[in-house]
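Shown next, in structure tokens, is the structure this report addresses.
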Amino acid sequence: MSKKHIIVDPITRIEGHLRIEAVIDENNKITDAYSSSTMFRGIETIMKGRDPRDCGLMAMRICGVCTGTHYQRSIEAVEDAFKITIPKNARIVRNLIQGALYLHDHLVHFYHLHALDFVDVVSATKADPQAAAAEAVKWAEVAGATPAISGAAEFKAVQDRIIKFVKEGRLGIFGNGYWGNPHYKLTPEQNLLGVAHYLKALDIQRDMAKMQAIFGGKNPHPQSIVVGGVTCVQDIQNPARIALFKNL
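Each residue of the sequence shown is one higher than the last, beginning at 840 in this note's numbering.
Have a look at this one:
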């Protein structure tokens, strides 16, 4: 068996454009892999010749998903050009803002961008909520975690919502799936678990946005990071604000 060259282009369920190439040997092992972005957005070109104080504010509005990351990296580029070292507390605050965005992005990517490629929403209407609760506990134990949703009553409530959507023909955000396709491999109970997590993740996503806004000023498009440090000095000196961030 000779080597195979596999190309996946475009990669779906992400923000942006991505091409993946992989070389697979005769043992079906990947020996080389390459990734490339196939769309040039020209953020750097847009910034050229502008007031450096505007870079972060403009760059983050080009990408609404990774908003805080483009903001902070643009500010750091200006600081690097001027050889500026920011105070330790400013670095900590920036890391907290970035950490909140990191959590938010992972949640959104896993559940809201690609989970429905694997979860058959309509199949969840046929599930046994009690069995779905058992599935939740089983997989949580495998991960050494406590299930976010574990009661049969909670799963029944989610199922009732989906049944209502289906009967009324108002699937909304679930309207464009290939429901019933044989390539969906999960059981109805596992699908109900996935849908329940999808909806729960919408609430958790809101908390992640609040975390970023506490020290960033707002979400999306935080505004507290400036060349030389941060502007939220009063917030980081207020124990109540720090506790609010921690408790979320």
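Glycine is no exception: its CB is placed at the ideal position from the N, C-alpha and C atoms.
Along the length of the stretch 924–966, whole alpha helix (DSSP H) runs at least 4 residues long occupy 927–946, reported in chain order. Under the Cβ criterion (8 Å, minimum of three pairs), the stretch 1069–1080 does not count as touching the stretch 961–979. Rounded to the nearest angstrom, the gap between the Cα atoms of His-945 and Glu-1028 is 24 Å.
Cβ-Cβ separation between Phe-949 and Ala-972: approximately 21 Å, too far for a contact (criterion under 8 Å). The C-beta of Glu-854 has fewer than 16 other C-beta atoms within 10 Å across all chains shown, which makes the residue exposed. Asp-871 places its beta carbon 9 Å or farther from that of Arg-858.
Residue environment for Trp-1018: buried (at least 16 other C-beta atoms within 10 angstroms of its C-beta). Separation of Arg-930 and Asn-1058 (C-alpha to C-alpha, rounded to the nearest whole angstrom) is 19 Å. In the DSSP annotation of this structure, the continuous segment of the alpha helix (DSSP H) that includes Val-917 starts and ends at 906–920. In the DSSP assignment, Arg-1045 falls within the alpha helix (DSSP H) that extends over 1027–1055.
Straight-line measurement puts the Cα of Val-947 at about 7 Å from the Cα of Gln-1044. Secondary structure at Lys-868: coil, using DSSP grouped into helix, strand and coil. Check the Cα spacing between Arg-912 and each of Ala-970, Arg-892 and Ile-846: the tightest is with Arg-892.
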